[in-house]
Amino acid sequence: MKYLINQVRSIIAFSKREYIIWTSYKVNIVTWILDVFINSTLFFMLSLLMGKNTNIAPYGNNYVSFVVLGLSAYYISYTNLGDPYDRVARIYWNGTMDLYLLSPLSLITPIIGIMYRSVLDDYPRVLLAFLFGWLFFGARFTFYQPVAIVLVVILLGISTFGIGMISASSFFLLNLKVGTEPIKFIFQDIIIALAAGYFYPISILPYSLQILSLTLPHTYALDALRRLMVPGANVTVPVLPLQKVLNVPPISLDLIMLTVMSFLFIYLGFFMYIKGVEKARRNGTLTRWQ
Amino acid sequence: MDDKIINVENISKIFNPFPLRKKERGPGLWVANLVRLRRIKENEIVALQEVNLFVNRGEIFAIIGPNGAGKTTLIKILSGLLYPTKGNGTVSGLDIIKDHEKLKSIVSFVSASFWMGLEWQFTAYENILQYAIMLGVPQDTAKKRIKEYGEFFHIDYFDKKVPALSAGMRQIISVIRGLVVDRPILYLDEPFVSLDPEKRMALSEVVKTLANKGKTILISSHEFTDLDVFHPRSVMLYKGKTIGYGFAEELLPEKGIIPYSLRLSEFLPDLESALFESGIIACKVPKELIVLDRVFNVRLLVRSERVNDLINEILKRKIKILDIKKESISLKDAYLYRVNNEVLN
């Protein structure tokens, strides 16, 4: 218990530090607001253009709402998947890896603590995406099952963080300290970009890509969120190949798959990261200065 | 005091750096890293070779040696940041490989390079406090200790941000950061680097006080004058090998060598060569050559039976001996003798 309290205290201390660092660059806040506004507007304009000809059934009839949810999943996933590697790299290159490893913190605590910057930077984008969509582009949402919605968001966060930790493990496991990180590149820049269905239903994809999309937590999270939150969405008609094969209500199946993926990816992520650190201890590549 | 708290048995460490081709990146690098295609034996760096030592509880123990001797590698192994390639050891009964996670709660580590880890957006005070909290020190206790050490080291720049601090100021902040944690074992890796004489003396004072309180201190340094204050047992490393172990006088393998401090009116290189070649002095290069008001202060390692020859050789050259004083063997004497011989061999 004392150990857990110490980890939480440390995460809070890290968070305060990240807040001070983030706000010490005043221009950050201005560019951040501009960036969110311009990005969101671009996506919405694009969605308005495509929306007229896109059949999103059974996910209701409001394409902007459909895209807002896609955009939100993109923001959450982008942070959770991309941040751990960047944070490990920052700790390493800053020369603080030695200090953290000599502290009684778990290996993961500093990474989570430093990710607080993303809580400030990236997660509010989700709220702004909802706000802009609602105010300017006619997005509407339903919140009939808030518990299920929250559960899906949490599971999406956990599973993508798990993939992020797998990505972070390559820093030590593959000794990749500079250049492109392969796991993030393969997942985020190839598979997810193609098959996650941020801006279109995956039913319009070629069948091979639909099968590929089954390996992504995004697929199940977006299916569940759109069924739960887009007005007029159908909660019983199967869309995903797995839903068509298994006789389980779609949202229940989404939750089951998200739970399985959360456990799997978190376990793999932590396991691989710890193995990476062990390897670095043997090879002498754990800290910047030997 | 015979209570071994650190035990090192035949520890070796071999680094095998991965040879990178210029500008290499992308899938080629991923595959090469994964299967380590280019692991080349010739690239191996032997950082430590079968090092053995023990440190008693409450002892100040020194690790000395020239650059690249393996001092930092040894401390990193003993703190669990590195695994040895061969051999093993224990710290406070904990296996340094199997129990490395537990070492964290008994060891505090201060390194000359740790100032790199100071957060540049923070003040000196915030840096120390943040680290103490991270290491589980209650905030009130941490604040109290920071105040105490601040007063002791006369720190009047706690409120300054890191970029405004000089190298020495950053170093002392890193040192205080390690001291505030207050663990039973303290590793100090080159702690005197960049410190002014006043801070060096203050740090030596702290080290002695901590040892008197029963803390075990492992200290690596090139600053022999600072180390000699503790008259510590030491391990002397050279290219990863142990070339000496024990107190300063035990580090000299040759018996009957006595350091003499001389004040001479002149000291020429040919005198030095003549003294060494005729076996009067044991170390070729007199490292401590200070000229003050046209007076040469020289410290020579003289073979005890040849003291008269030394005086004759000097007088023969019409050099005046203004003063001659017998000294006790210091770590620096032992270091110069051993490293000199290693280099000559």
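Protein sequences, first through last, are from chains P and Z. Those letters in the first sequence? Residues -13 to 276, by the working numbering. Those letters in the second sequence? Residues 3 to 347, by the working numbering. Backbone N, C-alpha and C fix where the C-beta goes; we use that ideal spot for every residue, glycine too. Keep in mind that this is a model prediction, so the values were computed, not measured.
Classification of residue i by the beta-carbon crowding that lies within 10 angstroms, buried from 16 upward
i	result
F232 (chain Z)	buried
T273 (chain P)	buried
K230 (chain P)	exposed
F189 (chain Z)	With the sequence shown as reference, residue 189 (chain Z) is identified as Tyr, and Phe is not the correct amino acid for it. Y189 (chain Z) is buried by the Cβ-count criterion.
H156 (chain Z)	exposed
M238 (chain Z)	buried
K318 (chain Z)	exposed
S63 (chain P)	buried
V164 (chain P)	exposed
E128 (chain Z)	buried
D198 (chain Z)	exposed
Y45 (chain P)	buried
S10 (chain P)	exposed
Y193 (chain P)	exposed
F249 (chain Z)	exposed
V136 (chain P)	exposed
Q173 (chain Z)	buried
E225 (chain Z)	buried
Where residue i sits in the DSSP three-state scheme
i	result
D69 (chain P)	helix
Y159 (chain Z)	coil
Y186 (chain P)	coil
L50 (chain Z)	strand
A126 (chain Z)	helix
R235 (chain Z)	strand
S223 (chain Z)	coil
N12 (chain Z)	strand
F194 (chain Z)	coil
F29 (chain P)	helix
R301 (chain Z)	strand
V74 (chain P)	helix
T244 (chain Z)	strand
A219 (chain P)	strand
D97 (chain Z)	strand
R103 (chain P)	helix
N58 (chain Z)	strand
G82 (chain Z)	coil
K88 (chain Z)	strand
I86 (chain P)	Strictly speaking, residue 86 (chain P) in this sequence is Tyr, with Ile absent from that position. Y86 (chain P) falls in the helix class under three-state DSSP.
S332 (chain Z)	coil
A125 (chain P)	coil
F264 (chain Z)	For the sequence presented, residue 264 (chain Z) should be read as Leu rather than Phe. L264 (chain Z): strand per DSSP, three-state reduction.
Y(-11) (chain P)	helix
6 Å CB neighbourhood of residue i in its chain, flanking five on each side removed
i	result
S155 (chain P)	M258, Y259, G262
L229 (chain Z)	A64, S223, L333
V223 (chain P)	P44
K163 (chain Z)	T125
Y247 (chain Z)	V237
I97 (chain P)	P70, R73
A210 (chain P)	V138, I237, D240
heavy atom of the ligand SAM below 7 Å from residue i C-beta
i	result
G91 (chain Z)	Of the ligands one can find in the structure shown there are none, so the ligand SAM has no counterpart to examine.
Cβ shell of residue i (< 7 Å), same chain only, five flanking positions each side left out
i	result
A125 (chain P)	N48, V50, S51, V54, G119
S81 (chain Z)	L105, V109, F111, Y189
L159 (chain P)	M258, K261, G262, K265
G143 (chain P)	I62, N66
I177 (chain P)	L198, L202
V221 (chain P)	R213, P236, I237
E251 (chain Z)	I331
Cβ-Cβ separation, residue j to residue i (assumed contact under 8 Å), whole Å
i	j	result
P261 (chain Z)	I221 (chain Z)	Not confirmed; about 22 Å, so no contact.
K15 (chain Z)	I79 (chain Z)	6 Å
K286 (chain Z)	F278 (chain Z)	5 Å
S153 (chain P)	L254 (chain P)	No, S153 (chain P) and L254 (chain P) are not in contact; Cβ-Cβ is about 11 Å, not under 8 Å.
V183 (chain Z)	L137 (chain Z)	5 Å
Cβ neighbours of residue i in the same chain (closer than 8 Å, five flanking residues each side left out)
i	result
L167 (chain Z)	A126, Y159, I175
D161 (chain Z)	T125, A126, Y127
P217 (chain P)	G46, N47, N48, S51, R126, F127, T128
Y240 (chain Z)	G67, P68, A71, R340, V341, E344
Within chain C, the residues that residue i reaches when beta carbons sit closer than 9 Å
i	result
I6 (chain P)	Absent from the structure is chain C; the protein chains it does hold are P and Z.
Given 8 Å as the limit, is there contact between the segment 314 to 323 of chain Z and the segment 262 to 272 of chain Z, that is, 3 or more CB pairs closer than that? Judged by Cβ distances under 8 Å, the segment 314 to 323 of chain Z makes contact with the segment 262 to 272 of chain Z, as three or more pairs qualify.
Just checking, does the segment 215 to 230 of chain Z make contact with the segment 58 to 65 of chain Z on the three C-beta pairs under 8 Å criterion? A contact exists between the segment 215 to 230 of chain Z and the segment 58 to 65 of chain Z.
Segment contact, 8 Å Cβ cut-off, at least three pairs: the segment 170 to 181 of chain P with the segment 83 to 95 of chain P: When Cβ pairs closer than 8 Å are counted between the two stretches, the segment 170 to 181 of chain P is seen not to touch the segment 83 to 95 of chain P, the count staying below three.
If you pair each beta-carbon of the segment 207 to 218 of chain Z with each one of the segment 47 to 55 of chain Z, do three or more pairs fall below 8 Å? Too few Cβ pairs lie closer than 8 Å, so no.
If you pair each beta-carbon of the segment 136 to 152 of chain P with each one of the segment 242 to 251 of chain P, do three or more pairs fall below 8 Å? Touching, yes, given that three or more Cβ pairs across the two stretches are closer than 8 Å.
Within 8 Å, do at least three Cβ pairs link the segment 116 to 125 of chain Z to the segment 81 to 96 of chain Z? No, because fewer than three Cβ pairs between the segment 81 to 96 of chain Z and the segment 116 to 125 of chain Z fall closer than 8 Å, the two stretches do not touch.
Does the segment 232 to 246 of chain P come into contact with the segment 71 to 79 of chain P, if we say contact requires no fewer than three beta-carbon pairs (one atom in each stretch) closer than 8 Å? The segment 232 to 246 of chain P makes no contact with the segment 71 to 79 of chain P, as fewer than three CB pairs between them are under 8 Å.
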